[in-house]
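In this note's numbering, the protein residues as written are 191 to 271.
Ideal placement from N, C-alpha and C gives every residue a C-beta, glycine not left out.
Here the structure comes first, spelled out in structure tokens, and everything after it is commentary.
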């Protein structure tokens, strides 16, 4: 089983793992750093999440985008083609 998004969060009702918010942040940073270091393209999409508090799921998704921005030094502006 692949655990992605918010599923591994300790308060997720369906995930069954026990990562903390900090653990999830570290996972995201590691994945993005490895991808960048190996020149692997990355695309971020929102995944599911069934935390007791919807705010936790939103925070997890926001932290993913923050980690991507930090690792890939993305511009805060969205560029449209």
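When you compare the CB positions of residue i and residue j, do they come within less than 8 Å of one another, or not?
| i | j | result |
| --- | --- | --- |
| residue 198 | residue 220 | no |
| residue 246 | residue 218 | no |
| residue 195 | residue 239 | yes |
| residue 225 | residue 232 | yes |
Going by the DSSP bridge assignment, what does residue i pair with across the sheet?
| i | result |
| --- | --- |
| residue 145 | There is simply no residue 145 to check, as the chain begins at 191 and stops at 271 in what is shown. |
| residue 199 | 209 |
| residue 241 | 202 |
Cα separation between residue i and residue j?
| i | j | result |
| --- | --- | --- |
| residue 248 | residue 241 | 10 Å |
| residue 192 | residue 237 | Here the model assigns residue 192 a pLDDT of 49, short of 50, so the residue's position is not dependable and the matter cannot be decided. |
| residue 253 | residue 228 | 22 Å |
| residue 244 | residue 230 | 31 Å |
| residue 211 | residue 263 | 22 Å |
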